[in-house]
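**Student:** Following this message is one structure expressed as structure tokens.
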Amino acid sequence: MTVHILTDSSHYLDPAVVSELNLHVLPLGLIINQREYHERLDITTEMLFEMLQDKSSSWPTTAAVTPGAMQAALDELTANPADQVVGVFMSRGTSVTVEVAQSVAAEHPARDRIHIVDSQGVSGALALTLLTVGRLAQEGASAAQVADVARCMGQAMRVMFTVDTLEYLHRGGRMKGSQALLGSLLGIKPVLWLNAGAIELWSKARGKKKALATMLDESLAAMPDSEPIHALVFDAAAPEDSAAMRRVLAERATCEQLYQAQIGPVVAAHVGPGCLAMAVCPASVTRVGE
């Protein structure tokens, strides 16, 4: 019996890691200038930001995984009657992909062998979960155990980020309310977080340095005292901020695992250049039966 891990492309893990963990990835779409692109296939974050420098360019929109693509993937992964599937997808607060997965799985002939999980995260937060569940599946954990760990990680994880401007979130419809009009007024930087998978404003900071300090302080404050953590720092065209955050995080916390990743084009279309994010999770919830 094989437990297959199915996910969407918003995790942005290195292709070598995807191959090593045997993750099955469904690409998300991005539409700009009347052309549809697919992540990891024909567009990069750098290409997207270069396009957006052209003032005549249309604003990008993003496309979830289609029911047809989801159906085909589940058909393939359940072809062997002994195999099971755990689908772990970006949060319903950021995409309808997990709802597509749930709908298709509910009607699938092999539905009893399919587990669908809303990761309650996106990008690096989803990646942090996949790094764990991919390893567990390879170590022989059951599909039910893998799915349970994925759910527990989503519930225990703290995901925080800051952006240079809220324009991308506002225009992409990923942040509700008038706060989305504040942008970078007078050097104010928003500190945002994922609350049950939905993007919300945590606080406002005077300048990026204070925003990053708030992110770190509040993320670690949400973790159990004296417990090791798993963490991942991810960015969109902000490599220096990412490196600095990882250094401080390693000094401030006992990191059982500390990773870094870059934000890909579909998520970058909603956060813009300069975004820095971090996801932290208690190490205890990454293990079966704890």
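The numbering of the sequence shown is my numbering, which starts it at 1243 and goes up by one. Yeah, the Cβ is synthetic: ideal placement off N, Cα and C, and Gly gets one too. Please read these numbers as outputs of a predicted model, since none were measured by experiment.
1) Using a threshold of 9 Å, state whether the C-beta atoms of L1454 and A1343 are closer than that.
2) Considering only DSSP beta bridges, list what P1360 is partnered with.
3) Taking all protein chains shown into account, decide if P1524 is buried (16 or more other Cβ within 10 angstroms of its Cβ) or exposed.
4) With burial defined as no fewer than 16 other Cβ atoms inside 10 Å of the residue's Cβ, what is the status of Q1295: buried or exposed?
5) So, helix, strand or coil for S1298, using DSSP?
6) Expressed to the nearest angstrom, what Euclidean distance is found between the alpha-carbon atoms of A1379 and L1491?
7) Suppose you measure from the CA of S1420 to the CA of E1349; what does that come to, to the nearest Å?
8) Examine the ligand SAM and report whether any of its heavy atoms sits within less than 8 Å of the Cβ of A1495.
9) Given V1530, which residues of its chain have a CB within under 7 Å of its CB, disregarding the five upstream and five downstream residues?
10) How about S1484 and L1368: are their beta carbons less than 9 Å apart?
11) Taking DSSP as the reference, what is the three-state secondary structure of E1349?
12) How long is the line joining the alpha carbons of G1268 and G1516, rounded to whole angstroms?
13) Using only CA atoms, which one of G1310, S1361, M1399 and L1411 lies nearest to V1340?
14) Out of G1506, P1257, W1435 and E1469, state which residue places its alpha-carbon closest to the alpha-carbon of D1477.
15) Have a look at G1310 and G1329 and give me their C-alpha separation to the nearest angstrom.
**Tutor:** Quick look at the numbers:
1) no
2) The sequence shown places Asp at residue 1360, not Pro. Beta-bridge pairing links D1360 to F1331.
3) buried
4) exposed
5) coil
6) 28 Å
7) With a pLDDT of only 37 at S1420, under the threshold of 50, the placement of this residue in the model should not be trusted; the figure read from the coordinates follows. Taking the straight line joining both Cα atoms gives about 40 Å.
8) The ligand SAM is not part of the structure shown, which contains no ligands of any sort.
9) L1378, A1383, Q1387 and V1391
10) no
11) helix
12) Checking the sequence shown, residue 1268 turns out to be Leu, not Gly. Between L1268 and G1516, the C-alpha separation is close to 26 Å.
13) S1361
14) G1506
15) 15 Å
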